[in-house]
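Colleague:
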Amino acid sequence: MLQLNPQTLKKLRRFRHIKRGYYSFLVLAGLMVLLSFGELLINSRALLVSYEGELYFPTYTAFHPGTDFGLDYDYEVNYRDLKEQFAKDNSGNWLLMPFVPYNAYENHAPGGIFTPLAPNAEQQHYLGTDTTSRDILARLFYGTRIALIFSIGFMLSVYLIGIAIGCSMGYFGGVFDLLFQRLIEIWSNVPFLYMVIIIFSVIPAAFSVPTRIVILLMVMVLFSWTGMTYYMRTETYKEKARDYVAAARVIGASNSRIIFRHILPNVLSTLVTFMPFTIVGAVSAITALDFLGFGLPPPTPSLGELLKQGTANLRTAPWIVTSAFGTLVALLTLVTFVGEAVRESFDPKTYSIYR
49 MLQLNPQTLK KLRRFRHIKR GYYSFLVLAG LMVLLSFGEL LINSRALLVS
99 YEGELYFPTY TAFHPGTDFG LDYDYEVNYR DLKEQFAKDN SGNWLLMPFV
149 PYNAYENHAP GGIFTPLAPN AEQQHYLGTD TTSRDILARL FYGTRIALIF
199 SIGFMLSVYL IGIAIGCSMG YFGGVFDLLF QRLIEIWSNV PFLYMVIIIF
249 SVIPAAFSVP TRIVILLMVM VLFSWTGMTY YMRTETYKEK ARDYVAAARV
299 IGASNSRIIF RHILPNVLST LVTFMPFTIV GAVSAITALD FLGFGLPPPT
349 PSLGELLKQG TANLRTAPWI VTSAFGTLVA LLTLVTFVGE AVRESFDPKT
399 YSIYR
């Protein structure tokens with residue numbers, strides 16, 4: 049069982065006493081749980097189908113052709129139409145649909161023309177549809193999930209590279225430190241946006257959407273890890289002069305053990321403090337790239353793509369930009385509140401008295 053030391057427990061208690069950050073953390077945690085099971089809330093597939101005495105669970109299984117439920121086609125069932133058909137037949141068959149019976153890629157145009165539709169509770173478009181008649185709530189929901197997963201992957205990758213290189217620079221120093229400082233200075237001067245444009249202009253269109261997302265993540269990480277190295281270099285350089293590092297050397301501890309088992313736990317407060325703000329930066333960056341057309345490949349749902357649609361149709365469909373902007377502001381505000389609370393709870397100056 050994991051045992052936390054008294055100092056860590058004290059910092060966690062401080063965090064709980066900062067109500068704004070603590071409640072924001074609870075809201076974010078609840079949102080992550082909802083996003084993890086999003087298909088049960090927003091999906092065009094039925095949650096449960098009872099047909100001829102048998103139960104089907106289409107949400108997390110392979111698609112069912114219409115012939116499985118007595119229809120005259122062999123492509124995937126339209127479960128909204130199937131629900132109406134069951135109601136007409138009055139045969140005892142039934143199905144249960146999610147709260148929002150649309151997926152993020154589905155075009156639903158009752159009039160046959162793809163056009164933005166205002167919010168309509170009767171049709172279950174609670175935030176309306178976008179310019180191609182896709183449900184905005186579904187696009188926002190899955191776009192937020194992709195943005196958070198992308199930003200967490202970005203944060204972990206940046207931390208992995210930044211910690212490894214920064215700790216090595218601070219611990220070994222000398223020529224190794226000078227060499228990497230010059231390399232980082234050179235690499236930091238390469239323009240990020242131009243590189244994204246060049247890379248995505250030469251990526252073959254045949255690449256799958258997940259592959260293109262991974263490439264975008266790698267490009268963003270390659271241009272973002274340098275900042276973390278300076279923090280880790282400074283902290284490691286300061287910690288290696290302390291007595292516990294000298295004691296570890298005396299008893300024969302290896303360099304890797306000293307760095308990762310002794311120094312790194314003592315600079316953990318720096319890492320934890322920057323985590324929320326790294327996520328904020330990643331969400332803002334991917335949203336900006338999507339807005340410019342160099343982010344997630346279409347038709348991937350994203351906040352930036354909805355903002356782009358909303359600004360282009362500000363007068364005719366104001367609900368698009370209102371929904372996207374409100375979601376982005378709420379998400380970034382919650383993460384920022386958590387980051388402020390973490391920074392304050394891990395700040396020794398706030399809770400120390402110097403005599």
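Residue numbers (this note's numbering): 49 to 403.
Each residue gets a CB set at the ideal place from its N, CA and C atoms; glycine is no exception.
#1: Quick check on W142: buried or exposed, where buried means 16 or more other Cβ atoms within 10 Å of its Cβ?
#2: Considering Cα atoms alone, identify which of A301, P106 and A330 is closest to M145.
#3: DSSP three-state label for L354, please.
#4: How long is the line joining the alpha carbons of S304 and I368, rounded to whole angstroms?
#5: So, R182 versus N155, is the Cβ gap smaller than 8 angstroms?
#6: Could you tell me which whole alpha helix (DSSP H) segments of length 4 or greater appear in the segment 172 to 230?
#7: How is the alpha helix (DSSP H) around L143 delimited, first residue to last?
#8: Is it buried or exposed for E287, if we count other Cβ within 10 angstroms and need 16 for buried?
#9: Rounded to the nearest angstrom, what separates I90 and I299 at their Cα positions?
#10: Terminal residues of the continuous beta strand (DSSP E) containing Y104?
#11: Whole angstroms is fine: what's the gap from S400's alpha carbon to F394's?
#12: Less than 6 angstroms between C-beta atoms, sequence neighbours within five positions excluded: which residues of the same chain meet that for K59?
#13: Confirm, please, whether the CB-CB distance from F63 to V390 is below 8 angstroms.
#14: Select from K136, Y108, E102 and L82 the residue whose C-alpha is nearest the C-alpha of S92.
#15: For L50, does the count of other Cβ atoms within 10 angstroms reach 16, so buried, or fall short, so exposed?
Modeller: Let me spell this out:
#1: Exposed.
#2: Per the Cα distances, P106.
#3: Correct three-state label for L354: helix.
#4: Approximately 52 angstroms between the Cα atoms of the pair.
#5: Cβ distance < 8 angstroms, so R182 and N155 count as in contact.
#6: The alpha helix (DSSP H) runs of length 4 or more contained entirely in the segment 172 to 230 are, from start to end of the chain, 184 to 220.
#7: L143 -> not in any alpha helix (DSSP H); beta strand (DSSP E) instead, spanning W142 to L144.
#8: Buried, because 16 or more other Cβ atoms sit within 10 Å of the Cβ of E287.
#9: For I90 and I299, the distance between alpha carbons rounds to 58 angstroms.
#10: Counting along the chain, the beta strand (DSSP E) containing Y104 begins and ends at E102 to Y104.
#11: At S400, the pLDDT of 48 sits below 50, so the modelled position is not reliable; the number obtained from the coordinates is stated separately. Computed Cα separation, rounded: 11 angstroms.
#12: Answer for K59: S393 and F394, listed in chain order.
#13: Yes, the pair counts as a contact, with Cβ atoms nearer than the cut-off.
#14: The shortest Cα separation from S92 among K136, Y108, E102 and L82 belongs to Y108.
#15: Its pLDDT being 46, under 50, L50 is placed unreliably by the model, and nothing is read from it.
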